[in-house]
Each structure stands twice: as structure tokens, then as C-alpha cells.
Amino acid sequence: MMDLKLRVLIAEDTEDDALLLIRALRKGGYTPDTVRVWNAKTLSEALSRGEWDIILSDYYMPGFGGDQLIQIVRDQGIDTPIIIVSGAIGEEAAVELVKSGAQDYVMKDNLIRLVPSISRALKEAEDRKERRRAEEALKESEERYRNLIMQISEGIIIFDQRTGKIIESNEKISEIFGYTEDEIHSMTIDELIRGCIKRDAGHLVIPENTGLVEGRIHQKDGDKRDIEVSLSRISLKENPDAASAVIRDITDKKEAERTQIQALIQIDRNIEQFAILADNIRNPLQVIVGYSALSTDEITTEIVEQVNRINEIIKQLDQGWIDSDNVRRFLRRNYSIGSFEKPDYITQ
């Protein structure tokens, strides 16, 4: 059997009893590195010198006992496993010791239980360490996550999916909505971005693919803002049913789109008006040419030449209209500005 090194603090006023414990440890496959203490002073000194794998303590020593040892060790925040080893201890007292922080108790006349008890206590201690490490890592991760939330340039809200209660938000949210952090945290996500949150039987509905929703909100002062909301589910230690909302203020973008659409509508109207104007010019010119055909004098000939020149200009304008029409078709296809029918007189 491979020897296992073990740092053991033995609280025992009788050296012979301490040697019995050491012998039992060696017999069980351990190579113990031991220090014996017998009162509060020697215990505190030993605890200050370093970490211990296990503490074995007699239940009763003159002026000192197992219950006092447990209190001193735990008051210092030390999680080293403690096993009470006693020659005589009642069951009720033993239960109280375990409740106070001892991992187990072993009778001195039954030391065969000592090694299995130590093995179990060490395993439990390692499990507690692993759990603490995992909790600390999770806490650190969540702290980094919160710091990231505070630093990011977009508005972020963490909320409970079921109740809508807002758990966390960054400064950008206060800037977008005009509320203080306390005011925001007193609201639900449904109240804050009313119309952007949809529920099905109380459950949050997140749009497929992007999870993006656009909407309009009222700031605290009554002003309206256009926002884009990206929803996603997340899981936090303290709230596995949490969700996040990344909120962008797209008011300027929407205003630019509205201005652009108005400009395109005006262009569309101008082109239509030009088509009517060209038609109104062409028809009288055809009448002039018809009357001019009845005369052959020089003035009439010059009039016909000028009319033909005007017709050529109108044809060029027609060609420009066709080019504008192609552009307009593209704009309408991409911006959905009304319907379009080309005037009958345009030929390509």
C-alpha cells in the first residue's frame, strides 16, 4: 500500500493516547506529520503555523474540550475536518458536536473506524473546496459580466423572464429612457419597453433568428424614441430564468429613413408632373406642324424646323425620364414607395 502524507493536528492531553492515534494512522496507510496540542493557547499557535489536513481531538481535556476546539477553529474561518476521538461520550453530546462543526466522532476503544472516518472527512472537505472554487469562479465570471454590461456602449437590461422584474441595467439605459437607475429597477421590462415584449401564456416570446424587435418608446419627459431590441435567454446562478435585452436608440436612423422616403416620394411626384408637362407640350406642337403643312412660305418652314428641334429636346427628355424611371423602379423595389405605371407615350 502506498503511504499517504497527512498533516494531522492532535488535540490530546495524554501523549500515550496521541501515540495510539498515530499508530492507527500508519496502520491505515498514512504517513502522518503530527503536532500535539492540549489547550486553547497551543491550539492557536499550531493553527497559525500553517494548514492542516485533519484535526483529531479528545472530547475532554483539563480546562479544555472538543466543543471549545471546534469553536476556535470555526471562528477563524478554518474548514479543516475535525474528528472527535473520545474514551467516553454520550450519543446526545456526540450529535451536538457534529452540529457544532465536527465531521464525525470515534470511540478510543474502536479505532478501527478512525481511518475510514478520516478518508470520508477528507473527501467531503475536498468536495467543499471544489464547490467553493466553482462558486468563486462563477461569482468572478458574473462580476466580469456585470462590469462588461456597465462598460458597453449599448443599453443592456437583465430581467426575470417570468415576472419581467429588472435585475440589472447599465447607464446607457438611463440615457435612452430618461429614468434614474432606481426608477428603472422599480419597473418591469414590459412597462419600460411596452409593445416590444410579447408573451405566450406568460412566457417570453423571442423572435426567431435574430431575436430583433423594433418599437417606439416614451421617455420620462414624454419624448418619443425609436429603439431596436435584441432579446436572448441567459442563466444566472441567482436566477436561471433570466433574459437580456440589448437596446439601441435608432431614432436618428429612423428619422433619416423617413426623410429619405419623403424625398423619394417628392422625386416620384416630380417625375409624374414632368410626364404630364411633356405630353402637354407635345400635343400643341403636333397641331402646329399640322397647320404648317398647309403652307410653304419661309416663315412656316422655319416654324416647322423649330418645332422639330423642340420635339428632339422632348425625345431627349423622354430618354432621361426612362433612365429616371429605371432608378425609380429600383428605389420603389427597395423602399416600397407606392406603385408605378409608365405613361403610354414612352417608348424605348
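Using our numbering, read the sequence shown as starting at 6 and increasing by one per residue. We put the beta carbon where it would ideally sit given N, CA and C, even for glycine. Predicted, not measured: the structure shown is a model, and the values here were computed from it.
{"Check": "Would you grab the beta carbon distance between Ile198 and Ser237 for me? Rounded to a whole angstrom, and I think it's under 8 Å.", "Outcome": "About 15 Å separates the two Cβ atoms, so there is no contact after all."}
{"Check": "Measuring CB atoms only, is the stretch 20–30 touching the stretch 66–80, in the sense that at least three cross pairs come out at less than 8 Å?", "Outcome": "no"}
{"Check": "Where does Asp5 sit, in a helix, a strand or coil, going by DSSP?", "Outcome": "Nothing in the structure corresponds to residue 5, since the chain is present only between 6 and 353."}
{"Check": "So, helix, strand or coil for Ile198, using DSSP?", "Outcome": "coil"}
{"Check": "State whether the stretch 50–65 contacts the stretch 122–129, with contact taken as three or more CB pairs (one from each stretch) at a distance under 8 Å.", "Outcome": "yes"}
{"Check": "Look at the alpha carbon of Ile194 and the alpha carbon of Ala268, and state the distance between them as a whole number of angstroms.", "Outcome": "37 Å"}
{"Check": "One question on the structure: do Ser240 and Ile163 come within less than 8 Å of each other, judged by their Cβ atoms?", "Outcome": "no"}
{"Check": "Just list the residues that DSSP pairs Val90 with in beta bridges.", "Outcome": "Asp63 and Val111"}
{"Check": "What residue range does the alpha helix (DSSP H) around Leu52 cover?", "Outcome": "Ala45 to Ser53"}
{"Check": "Near Lys170, what residues of its chain come up, given a Cβ to Cβ distance below 7 Å and the 5 sequence neighbours on each side ignored?", "Outcome": "Phe164 and Thr193"}
{"Check": "Among Leu119, Ser53, Lys113 and Ile89, which residue has its Cα nearest to the Cα of Arg31?", "Outcome": "Leu119"}
{"Check": "What do you get for Lys10, buried or exposed, if any count of 16 or more other CB atoms within 10 angstroms of its CB means buried?", "Outcome": "exposed"}
{"Check": "Glu233 by DSSP, collapsed to three states: which one?", "Outcome": "strand"}
{"Check": "Between Leu14 and the rest of its own chain, which residues show a CB-CB distance below 7 Å, the 5 nearest in sequence each way excluded?", "Outcome": "Val40, Val42, Ala51, Trp57 and Ile60"}
{"Check": "Buried or exposed for Gly160, please, with buried defined as at least 16 other CB atoms from any protein chain shown within 10 angstroms of its CB.", "Outcome": "buried"}
{"Check": "Mark Ala29 as exposed unless 16 or more other C-beta atoms lie within 10 angstroms of its C-beta, in which case mark it buried.", "Outcome": "buried"}
{"Check": "Would Ile89 pass as a contact of Tyr64 if the rule is Cβ separation under 8 Å?", "Outcome": "yes"}
{"Check": "Straight-line CA distance for Glu176 to Arg79?", "Outcome": "42 Å"}
{"Check": "In its own chain, which residues sit with a C-beta less than 6 Å from the C-beta of Glu173, not counting the 5 before and 5 after it?", "Outcome": "Ile163"}
{"Check": "Mind checking whether Ile266 and Asp231 have CB atoms under 8 Å apart?", "Outcome": "no"}
{"Check": "Since His223 sits in a beta bridge, which residues does DSSP pair it with?", "Outcome": "Lys229"}
{"Check": "Short check: CB of Ile75 to CB of Gly106, under 8 Å?", "Outcome": "yes"}
{"Check": "Give the straight-line distance between the Cα atoms of Arg12 and Gln156, rounded to the nearest whole angstrom.", "Outcome": "47 Å"}
{"Check": "Let's test the definition: count the other Cβ atoms within 10 Å of the Cβ of Pro245 and tell me whether it reaches 16, buried, or not, exposed.", "Outcome": "exposed"}
{"Check": "Going by the DSSP bridge assignment, what does Arg31 pair with across the sheet?", "Outcome": "DSSP lists no partner for Arg31."}
{"Check": "Could you tell me the distance, in whole angstroms, from the CA atom of Glu140 to the CA atom of Lys258?", "Outcome": "43 Å"}
{"Check": "Following the continuous alpha helix (DSSP H) through Ser179, name the residue where it begins and the one where it ends.", "Outcome": "Glu176 to Phe182"}
{"Check": "Thinking C-alpha only, which one of Glu96, Glu17, Asn152 and Ile94 is nearest Thr47?", "Outcome": "Glu17"}
{"Check": "Can you give me the Cβ contacts of Ala45 inside the same chain, cut-off strictly under 7 Å, excluding the 5 residues immediately before and after it?", "Outcome": "Phe69, Gln73 and Ile77"}
{"Check": "How far does the alpha helix (DSSP H) with Asp80 in it extend, from its first residue to its last?", "Outcome": "Gly71 to Asp80"}
{"Check": "Ser122: buried (16+ other C-beta within 10 angstroms of its C-beta) or exposed?", "Outcome": "buried"}
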